[in-house]
Amino acid sequence: MCRLIQRRTVDIGVHQLILDTPLYFALCEAHNGGRYKHHTPLIERRRDGVVARTAELIRGNGFAVDDELWEVDASDCSPCDNKVPDSH
229 MCRLIQRRTV DIGVHQLILD TPLYFALCEA HNGGRYKHHT PLIERRRDGV VARTAELIRG
289 NGFAVDDELW EVDASDCSPC DNKVPDSH
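Per our numbering, the sequence shown starts with residue 229, numbered consecutively.
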């Protein structure tokens, strides 16, 4: 299983997207088979390079990566919550 996480700056953008529920639901319907990610705040921080690996995996799948947003900031990354399936 591969863990994907985002840097704090990207996380802020994700939160804003989730708050715009009509846009978020449409995005999930169009690009995620109608499955939604649940928001789980205040979760454990990691310092193992997973942010950089996530950005490279995204880039490797043909998507553009804004390196300024995805630079490794190990003290400021958050993993998916392992207690709630499909959480971010």
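For every residue, glycine included, the Cβ atom is placed at its ideal position computed from N, Cα and C.
Residue i lies in the alpha helix (DSSP H); which residues open and close that run?
| i | result |
| --- | --- |
| alanine 254 | 249 to 259 |
| glycine 288 | 278 to 288 |
| aspartate 295 | 295 to 298 |
Apart from the five residues just before and just after residue i, which ones in its own chain have a Cβ nearer than 8 Å to its Cβ?
| i | result |
| --- | --- |
| asparagine 260 | none |
| aspartate 295 | Ala283 |
| leucine 255 | Leu245 |
Give every residue of the same chain whose Cβ lies closer than 7 Å to the Cβ of residue i, excluding the five residues on either side of it in the sequence, and list them in chain order.
| i | result |
| --- | --- |
| valine 293 | Ala283, Ile286, Arg287 |
| leucine 251 | Leu245 |
| tryptophan 298 | Arg235, Val238, Val279, Ala283 |
What residue from the options has the CA that sits closest to residue i's CA?
| i | options | result |
| --- | --- | --- |
| histidine 266 | Ala258, Glu299, Phe253, Leu297 | Phe253 |
Do residue i and the ligand MN come close, with the Cβ less than 7 Å from some heavy atom?
| i | result |
| --- | --- |
| leucine 255 | Among the ligands in the structure shown, none appear at all, so the ligand MN cannot be discussed. |
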